[in-house]
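Chemist: FYI, this note's numbering numbers position 22 of the sequence shown as 1264, with every residue one higher than the one before it.
All residues carry an ideal CB built from backbone N, CA and C; glycine is no exception.
Let me begin by handing over the structure; questions about it come next.
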Amino acid sequence: MIRNNMIEIITIFLHLLNGEVAKIPATLVLSQSCNDKIIELMSESLNYKGQKIFAYYCKTAKGEWVK
């Protein structure tokens, strides 16, 4: 996927060890990847609201995968 905008609104999907899936809206600048955004948001540990994150992925508003 080629991103043409300088800033893009995405959704980060977090799969937690307790079985829940959290959807977090976020913005990416052109030079950022999904991994970059996760590192930025979860700077200290891979936890979300006290739950460990098992897996994650990002999608655009159009449902396309973000690398």
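By DSSP, does Glu1306 sit in helix, in strand, or in coil?
Modeler: The answer is coil: DSSP assigns Glu1306 none of H, G, I, E or B.
Chemist: Just how far apart, CA to CA, sit Ala1297 and Glu1250?
Modeler: One C-alpha to the other measures close to 22 Å.
Chemist: Where in the region 1248-1297 do unbroken runs of the alpha helix (DSSP H), each at least 4 residues long, occur, reported from the N-terminal end onward?
Modeler: 1276-1283, all fully within the region 1248-1297.
Chemist: Could you tell me whether the Cβ of Lys1304 comes closer than 7 Å to any Cβ of chain D?
Modeler: Annotation note: the requested chain D is absent from the structure, which comprises a single protein chain.
Chemist: Roughly how many angstroms lie between the CA atoms of Leu1258 and Asn1289, to the nearest whole one?
Modeler: Those two C-alpha atoms are separated by around 8 Å.
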